[in-house]
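Please read the structure below before turning to the comments.
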Amino acid sequence: MRAVAAGLSDIGKQRIHNEDRFILLPEFNVFAVADGMGGHQAGEVASRMAANAIAMYFRKGARERSVSDKLRAAVSHANTRIFARSDDSRKHRGMGTTIVAVAYDPSLAELFIAHAGDSRCYRVRDGRMRQLTRDHSLVADALLHHPDLSERDLAYLPRNVITRALGVGPSVDLDFRTEHVELGDVYLLCSDGLHGLVSDEAIAAIIKGHESLSDACAALIKEANDKGGRDNITAVLVRIEDGEEPWSTRTPQSTG
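By the UniProt record's numbering, the letter at position 130 of the sequence shown is numbered 130, and the numbering carries on one by one without gaps.
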């Protein structure tokens, strides 16, 4: 099985800079979304460094033998690079970025997912959408340990505080999982600028309603902007199709 991928990023309606980045590396079957954080444009630096570090790790020839080990090592390498810059530069001190990255192994029909922060990976299969990652955020952690918390209780917690990210420490605690892919699966990687404004039901309907992944990405971005566009918005879609050809990619113009 092969895959077709597309990605799009937009600044949104309320931000001056786009601190999101995405990468499509079809030659290595690797795709990722990063959402930076930090003052004085440091978030933009962190997400760009994450994207570049992961891409360069694969392009220079990862030493690890398995696809899963390569992905884990590439993301850890990105963390090391960002933390070193943050530690050396007063201007960039404290910067970091979320990451959700996937690598596909066609020989195993498996997709490996690494993530830290609140950027997400979803899967649409047989018309049903499922969230495959758990947010690393103050709210999500509170619900994990206290599932009976009411909406009133949660209202006292800041919504935009994440508890894991690349670059905030010398090492990073990544969540890592393996998914067996099926023909027709569509995987969505996105920043919270999308999933924070658009419901899962609406996201699934948009994906199912567009044959073109590029058009689906554009429609997702438009829907988030129509709902206020309060943050940068990034979406990457990957569809598993029949065929033995290498991954092909259709990439619309991106502001990321």
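Just so it is clear, CB atoms sit at the ideal spot from N, CA and C, and this is done for glycine as well.
From a predicted model like this one, the values you see are computed outputs, not experimental measurements.
Membership of Thr234 in the beta strand (DSSP E) is indicated by the continuous run Ile233 to Glu241. Around the beta carbon of Asp226, fewer than 16 other beta carbons lie within 10 angstroms, which makes this residue exposed. Residue nearest to His210 within the set Val124, Leu71 and Ser191 is Val124 (criterion: CA-CA distance). The three-state reading of DSSP puts Arg123 in strand, counting E and B together. Sequence-distant Cβ neighbours of Ile221 in its own chain, meaning closer than 7 Å and more than five residues away, are Leu8, Asp10, Ile233 and Ala235. Note that the C-beta distance between Glu241 and Val75 is not below 9 Å.
Between Arg15 and Met49, the C-beta spacing is not below 9 Å. Secondary-structure assignment with DSSP links Cys190 through a beta bridge to Arg120 and Ala235. For the pair of segments examined, the segment 111 to 118 was found to touch the segment 91 to 102: the number of CB pairs separated by less than 8 Å reaches three. Per DSSP, Glu182 is not a residue of any beta strand (DSSP E), being assigned neither H nor E.
In the assembly as shown, Ala216 is a buried residue. Its beta-carbon has 16 or more other beta-carbons within 10 Å. A check of alpha carbon separations from Leu194 across Ile206, Gly184, Asp185 and Leu183 identifies Ile206 as the nearest. In its chain, beyond the 5 residues on either side, Ala32, Ala51 and Ala55 have a beta carbon closer than 6 Å to the beta carbon of Ile23. The beta carbon of Lys13 sits closer than 8 Å to the beta carbons of Asn225, Gly228, Gly229 and Arg230 from its chain, once the five residues preceding and following it are set aside; these are given in chain order. Relative to the Cα of Thr163, the nearest Cα in the group Val198, Gly96, Arg72 and Glu201 belongs to Gly96. In the three-state reduction of the DSSP assignment, Gly61 falls in the coil class, being assigned neither a helical nor a strand state. DSSP places Ser9 inside the beta strand (DSSP E), whose first and last residues are Arg2 to Asp10. In the three-state reduction of the DSSP assignment, Ile82 falls in the helix class, which pools H, G and I. In the three-state scheme derived from DSSP, where H, G and I count as helix and E and B as strand, Ile207 is classed as helix.
Within 10 angstroms of the beta-carbon of Lys60 lie fewer than 16 other beta-carbons, which makes it exposed.
Residue state for Asp35 is assigned as strand, using DSSP reduced to three classes. Taken through DSSP and simplified to helix, strand or coil, Arg164 comes out as coil.
Here Gly127 has Lys208 as same chain residues with Cβ atoms under 7 Å from its own Cβ, once five neighbours each way along the sequence are excluded.
Residue pairing by DSSP puts Ile23 in a beta bridge opposite Ala32.
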